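Protein sequences appear in the order of chains E and L. FYI, our numbering numbers position 238 of the first sequence as 238, with every residue one higher than the one before it. FYI, our numbering numbers position 215 of the second sequence as 215, with every residue one higher than the one before it. Every residue, glycine too, gets a C-beta built ideally from N, C-alpha and C. Predicted model only: the values in this text are computed from it and were never measured.
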Amino acid sequence: MDHWRSNSPSGPIDQWRSRRTMTRFLRQVAAVGFDAIDTFDFRYWQILEQYGSVANYQEFVQEQGLERIVNTFHGVYYEPDRYAPEVPETHATIVEDFKVTMDRWSGIQLDNVIVMPGSRFYDDHGPTDDQLKHAADVWAKVGEVTQQYGVNLTCHHEHYAGIRNRRQIDTFYAYADPRYVKFFVDTAQHCIADVDPVDVYEAHHERVTGFHFKDTRNKDVNEDYKLFPDAEVSAVTTEKWFYEMGTAEGLVDFERMMRSVRDHGYEGWISVEHDKADKLGGDYAESTAISRWYAKNVLDGIYAGAGA
Amino acid sequence: MKDTLRWSYAINAWNLRMDVFVRHEEQQRALKTLSVLGFDHVELASGMGGRWENLGTPEIILINHGSAEGLLAFLRRAGISGVSSWCWDPGQPAEETGYAFLMTRNPADHDAIVEAAKPFVDLLAAAGGDQLVVRPAGSAWMAPPLGDGDAGIVGSLWNRVGEVAAAAGVGVSLHYDCLQPFHTEEQLVSLLDATDPALVGLALDTAELTIGGIDPVAFYDAHHGRVAHVQLKDTRFQDAGQEYLTPGAEATMLKGGAGRRIERWFYELGTEGGLVDVEAFVASLRAHGYGGWVVVEGDKGGNATEVAMLNSWFLQRRLGVEKV
Numbered sequence: 001m002d003h004w005r006s007n008s009p010s011g012p013i014d015q016w017r018s019r020r021t022m023t024r025f026l027r028q029v030a031a032v033g034f035d036a037i038d039t040f041d042f043r044y045w046q047i048l049e050q051y052g053s054v055a056n057y058q059e060f061v062q063e064q065g066l067e068r069i070v071n072t073f074h075g076v077y078y079e080p081d082r083y084a085p086e087v088p089e090t091h092a093t094i095v096e097d098f099k100v101t102m103d104r105w106s107g108i109q110l111d112n113v114i115v116m117p118g119s120r121f122y123d124d125h126g127p128t129d130d131q132l133k134h135a136a137d138v139w140a141k142v143g144e145v146t147q148q149y150g151v152n153l154t155c156h157h158e159h160y161a162g163i164r165n166r167r168q169i170d171t172f173y174a175y176a177d178p179r180y181v182k183f184f185v186d187t188a189q190h191c192i193a194d195v196d197p198v199d200v201y202e203a204h205h206e207r208v209t210g211f212h213f214k215d216t217r218n219k220d221v222n223e224d225y226k227l228f229p230d231a232e233v234s235a236v237t238t239e240k241w242f243y244e245m246g247t248a249e250g251l252v253d254f255e256r257m258m259r260s261v262r263d264h265g266y267e268g269w270i271s272v273e274h275d276k277a278d279k280l281g282g283d284y285a286e287s288t289a290i291s292r293w294y295a296k297n298v299l300d301g302i303y304a305g306a307g308a
Numbered sequence: 001m002k003d004t005l006r007w008s009y010a011i012n013a014w015n016l017r018m019d020v021f022v023r024h025e026e027q028q029r030a031l032k033t034l035s036v037l038g039f040d041h042v043e044l045a046s047g048m049g050g051r052w053e054n055l056g057t058p059e060i061i062l063i064n065h066g067s068a069e070g071l072l073a074f075l076r077r078a079g080i081s082g083v084s085s086w087c088w089d090p091g092q093p094a095e096e097t098g099y100a101f102l103m104t105r106n107p108a109d110h111d112a113i114v115e116a117a118k119p120f121v122d123l124l125a126a127a128g129g130d131q132l133v134v135r136p137a138g139s140a141w142m143a144p145p146l147g148d149g150d151a152g153i154v155g156s157l158w159n160r161v162g163e164v165a166a167a168a169g170v171g172v173s174l175h176y177d178c179l180q181p182f183h184t185e186e187q188l189v190s191l192l193d194a195t196d197p198a199l200v201g202l203a204l205d206t207a208e209l210t211i212g213g214i215d216p217v218a219f220y221d222a223h224h225g226r227v228a229h230v231q232l233k234d235t236r237f238q239d240a241g242q243e244y245l246t247p248g249a250e251a252t253m254l255k256g257g258a259g260r261r262i263e264r265w266f267y268e269l270g271t272e273g274g275l276v277d278v279e280a281f282v283a284s285l286r287a288h289g290y291g292g293w294v295v296v297e298g299d300k301g302g303n304a305t306e307v308a309m310l311n312s313w314f315l316q317r318r319l320g321v322e323k324v
């Protein structure tokens, strides 16, 4: 996934600073054995500026030893008066936005466009059933658009987002047309929201089109999801939410997760994510290597059938 | 790495200061990083961190891991199979030896140096290591210019250490670094000529030779029969002339404290502006049937993990070496 920081003569930077820094990033990802990358679609403008087109950027990625770009994450700030899945009056805007988005990325073949399916709710009750149904409706319309490009519309549930607990997730998918609305499992985000990532995967595996594999050491026990702008950056008692797979005291049972992925015959991509890995002295490069070590030495064998 | 050459990685890049690379968990993370990058052996390095050198000083390693087998078990937890080599500078003051400044150019220190070498040799041999990589002499700026007899004096010491090591099944190789006094090609060859090729070889460091004004490819082609060990890294700079003689050159030259103020001398393989023709050097190793270890070294070249990843990328994508 796109998250990355490294040090430079001008201080901490991300990989999008220049083609040189992107080269170093991609080579590190390739060196440890990953095959592809995901990105954010708000990088589109930097891609145009530095590479000329999305296709050119993917070619640049391939020159460093990676196969392709698999997914792009569509990050939008939801507002009820302008752009919110729960508000039908904004649905035309959302659908139109995705027509533009898909045209922008049509130079390459993606597997998924990932979205956060619900707005933020900073209160106790969260979205109503009607609001969940409205959200499901608009993402089905968007999914119809993305599938015209051979791309899945898939939903990623942040621990602080409006559709975060198991009841909300199940209700949302009960309303959502499985032909057009897919599910993207983020192991740590679900865990933080007290949703068992294996259980929720097994309940909805037929529409799962991707994973973010990362770990956490903490659940949200303080109703941090109510914090503005979001608990990932503003939680008071948890400075660092995310850790790489295999971390000590990790709450995600990755071996069980992998057995389930294997047993359900999943053959798509699994993305590894290091979101804010540099908190508390962490290092993106090291987290990338350690997570690949864990995948190679623990998970690969399970998927190949060696695990019980 | 799956290759006819034997590849290892130097663990010293992570050991920036005596108290930053001591927790076993931190060491496991570095070892796992190297493992997933395709390296299955590591090179250890002695340091001056005393009790904190639990991957560098024999007695501290034994306190931590009990035995050579315990050390190997620790490495294997991360997927590292063994130790290729161990770097040791007898002139580096250490707590265990009372901070003695042992000088290889001083015959009076030779008995003490031979004794100090034994724990390294014994543990390296027990761990299945191949080479004790030694600094042949202290920095040039710390002593008078070389005299006619210095090569013979220093060579005689390393022959003695070589005998001790050979008895344990370990080789001794003299590491060229850009600050030590056998600086020019002529001086370096004079030192090698003063040693017994059956007991002592050269540890050829591509970046250090380049900084010192010696072309590593040409030198290897001319003297490949004496090269028992290789350290592979790149540099963007050469010594402008006599910078290695600047007082305190470890800091004034190599840390940018004075002169041209170059803060970083060592770079990953394939760095932009790199002066080492790594591809040609490795091709020469293959052409001459080199059978020793090739240790890739990050040295003091930035983020140790990033540099290791970029080095592995270069091996895989530019040298065509397949990962394990």
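Please confirm if residue i has its CB atom under 7 angstroms from at least one CB of chain L.
i, result
"arginine 5 (chain E)", "no"
"glutamine 28 (chain E)", "yes"
"tryptophan 293 (chain E)", "yes"
"alanine 289 (chain E)", "yes"
"glycine 282 (chain E)", "no"
"valine 32 (chain E)", "yes"
"alanine 285 (chain E)", "yes"
To which residues of the same chain is residue i closer than 6 angstroms at the C-beta, ignoring the five residues directly before and after it?
i, result
"proline 181 (chain L)", "Ala137, Ala140 and Leu146"
"aspartate 193 (chain L)", "none"
"glycine 257 (chain L)", "Ala251"
"alanine 168 (chain L)", "Val121 and Ala125"
Does residue i get closer than 7 angstroms to chain E when you measure Cβ to Cβ?
i, result
"lysine 32 (chain L)", "yes"
"serine 8 (chain L)", "no"
"arginine 160 (chain L)", "no"
"leucine 188 (chain L)", "no"
"glutamate 26 (chain L)", "no"
"valine 121 (chain L)", "no"
"threonine 235 (chain L)", "no"
"glutamate 263 (chain L)", "no"
If you reduce the DSSP assignment to three classes, tell me which class residue i lands in.
i, result
"arginine 44 (chain L)", "For the record, residue 44 (chain L) in the displayed sequence is leucine; it is not arginine. It is a strand residue."
"alanine 203 (chain L)", "strand"
"leucine 16 (chain L)", "coil"
"tyrosine 149 (chain E)", "coil"
"histidine 183 (chain L)", "coil"
"phenylalanine 213 (chain E)", "strand"
"glycine 171 (chain L)", "strand"
"asparagine 222 (chain E)", "coil"
"isoleucine 13 (chain E)", "strand"
"tyrosine 173 (chain E)", "helix"
"valine 54 (chain E)", "helix"
Please determine, among the options, the residue with the shortest C-alpha to C-alpha distance to residue i.
i, options, result
"alanine 116 (chain L)", "L:Arg260, L:Glu95, L:Val294 and L:Gly129", "L:Glu95"
"isoleucine 114 (chain E)", "E:Lys141, E:His74 and E:Arg19", "E:His74"
"valine 296 (chain L)", "L:Ala100, L:Ala258, L:Gly171 and L:Glu43", "L:Glu43"
"lysine 141 (chain E)", "E:Tyr303, E:Ala176 and E:Val185", "E:Ala176"
"glutamine 131 (chain L)", "L:Val164, L:Asp196 and L:His229", "L:His229"
"phenylalanine 25 (chain E)", "L:Trp313, L:Ser156, L:Val164 and L:Ile63", "L:Trp313"
"serine 309 (chain E)", "E:Gly282, E:Met22, E:Val298 and E:Ser106", "This structure cannot settle anything about residue 309 (chain E), because the visible part of chain E is limited to 1 through 308."
"aspartate 89 (chain L)", "L:Gly248, L:Thr57, L:Val276 and L:Arg135", "L:Arg135"
"glutamate 268 (chain L)", "L:Gly248, L:Val307, L:Leu204 and L:Ser284", "L:Val307"
"histidine 264 (chain E)", "E:Asp2, E:Ile37 and E:Glu202", "E:Glu202"
"glycine 171 (chain L)", "L:Ala143, L:Pro144, L:Gln187 and L:Gly129", "L:Gly129"
"arginine 104 (chain E)", "E:Lys226, E:Phe42 and E:Gly126", "E:Phe42"
Spatial neighbours of residue i within its chain, please: CB distance less than 7 angstroms, with the 5 preceding and 5 following residues excluded, ordered by chain position.
i, result
"tyrosine 325 (chain E)", "Nothing in the structure corresponds to residue 325 (chain E), since chain E is present only between 1 and 308."
"glycine 273 (chain L)", "Arg236"
"glycine 155 (chain L)", "Leu191, Ala194 and Thr195"
"threonine 288 (chain E)", "Gln28, Val29, Val32 and His274"
"glutamine 189 (chain E)", "His157, Glu158 and His159"
"leucine 299 (chain E)", "Phe254 and Met258"
"threonine 271 (chain L)", "Asp234 and Arg236"
Note the first and the last residue of the continuous beta strand (DSSP E) segment covering residue i.
i, result
"alanine 36 (chain E)", "36-40"
"aspartate 186 (chain E)", "182-186"
"valine 227 (chain L)", "227-232"
Examine the ligand ZN and report whether any of its heavy atoms sits within less than 6 angstroms of the Cβ of residue i.
i, result
"serine 6 (chain E)", "This structure simply doesn't include the ligand ZN, nor any ligand for that matter."
In the DSSP assignment, find the unbroken alpha helix (DSSP H) run with residue i in it and report its ends.
i, result
"lysine 99 (chain E)", "91-104"
"threonine 252 (chain L)", "249-252"
"histidine 204 (chain E)", "197-204"
So that I know if they touch, is there some Cβ in chain A lying closer than 7 angstroms to that of residue i?
i, result
"lysine 182 (chain E)", "Reference to chain A is not applicable here, since the protein chains of this structure are E and L."
In chain order, what residues of the same chain have a beta carbon less than 8 angstroms from the beta carbon of residue i, not counting five sequence neighbours either side?
i, result
"isoleucine 211 (chain L)", "Cys178, Thr235, Phe237, Gln238, Asp239 and Trp265"
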